[in-house]
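Working notes for the structure below.
In UniProt numbering, the protein residues as written are 1 to 268.
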């Protein structure tokens, strides 16, 4: 007799096909995770390595430019030194000479006379265009300007800092200002190896004033390195302030003022 109450129950255990599909899906999932992880590590690691290389390149350039500045400034310090030679070993970036640069105005202040600094260096203009010799890479610029060394990012007006101070001094005994002014055609090169650079004195003019006050002014519109120049004035005891977009520093109540302007050219 057939027992009709008993029903056939299908086997619910996984088949070989089900297990195969699960293994394939698991393999795909694991492989995807590994692939994404490797890609992420490669992207982040490559960017970090690239950032490190750029930072090291700029740090090396900074040290090289500091060495050049010390060498170049022998021409400013010593009247008998007419030229100096140095090398920049850089495989990337741009080396350039610019005759423009920061415009610095110097005023000798005397209560009895008006602007005795007029006719300095056979010119009625008391403003000096310093010009610059610069190295630029990855948006940052390191520039020799006026005898000083500055560094700035791509938007120079937003950030700049001093690396080497200019030859300016204010003390109780007197004020001394020595500036280099570049006289050269604007030019630039992209070095692939070591580049030799020569700075040459073209003209030197020194004047001594028996006055009590000297003021240095730099308009923020006439410099790409306002942050650096603010530091220059403060660091060399020129009491300064900023008003209407102009940086000023004054050395007051001194016995005399000595100003030296050295016109220089660059060859490389």
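Each residue gets a CB set at the ideal place from its N, CA and C atoms; glycine is no exception.
This structure is a prediction, so every number in the text was calculated from the model and none was measured.
The way I'd put it, the segment 67 to 82 does touch the segment 189 to 209; three or more beta-carbon pairs between them come closer than 8 Å.
The beta carbon of residue 72 lies closer than 6 Å to those of 84, 199 in the same chain, with the five residues before and after it left out. Restricted to the segment 152 to 201, not a single alpha helix (DSSP H) segment is unbroken, complete and at least 4 residues in length. If you look at residue 75, you'll find it isn't in any beta strand (DSSP E); it sits in the alpha helix (DSSP H) that goes 74 to 77.
The DSSP-derived three-state label of residue 150 is strand.
A residue is called buried once 16 or more other Cβ atoms fall within 10 Å of its Cβ, and residue 264 is buried on that count.
When the Cα atoms are used, residue 213 and residue 238 turn out to be separated by approximately 10 Å. Nearest to residue 138 by alpha-carbon distance, out of 43, 231, 54, 240, is 54. For residue 217, the enclosing beta strand (DSSP E) covers residues 213 to 219. Sequence-distant partners of residue 196 (beyond 5 residues in either direction) whose C-beta falls short of 7 Å from its own C-beta, in its chain, are 85, 87, 268. Counting along the chain, residue 234 sits inside the alpha helix (DSSP H) bounded by residues 226 to 235. Among the bridge pairs identified by DSSP, residue 241 is matched with 248.
Partner residues in a beta bridge of residue 93, as assigned by DSSP, do not exist.
Taking 8 Å as the cut-off, the Cβ atoms of residue 81 and residue 133 do not count as close. DSSP, read as helix, strand or coil, puts residue 136 in strand. Residue 101 and residue 220 have their C-alpha atoms spaced approximately 12 Å apart. At a Cβ-Cβ threshold of 8 Å, residue 149 and residue 179 do not count as neighbours. According to the DSSP assignment, residue 267 belongs to the beta strand (DSSP E) that extends over 257 to 267. In the same chain as residue 67, and ignoring 5 residues on each side of it, the C-beta atoms closer than 8 Å to its own belong to 86, in chain order.
Taking C-beta separations shorter than 6 Å and ignoring five residues to either side along the sequence, the partners of residue 249 in its chain run 216, 233, 238, 240, following chain order. Going by DSSP, residue 127 is part of the beta strand (DSSP E) stretching over 127 to 129. Of the other Cβ atoms in all chains shown, 16 or more fall within 10 Å of the Cβ of residue 145; this residue is therefore buried. Using a 10 angstroms sphere on the CB of residue 236, the tally of other CB atoms reaches 16 or more, which defines it as buried.
Burial check for residue 266: the Cβ neighbour count within 10 Å reaches 16 or more, so the residue is buried. Burial check for residue 218: the Cβ neighbour count within 10 Å reaches 16 or more, so the residue is buried.
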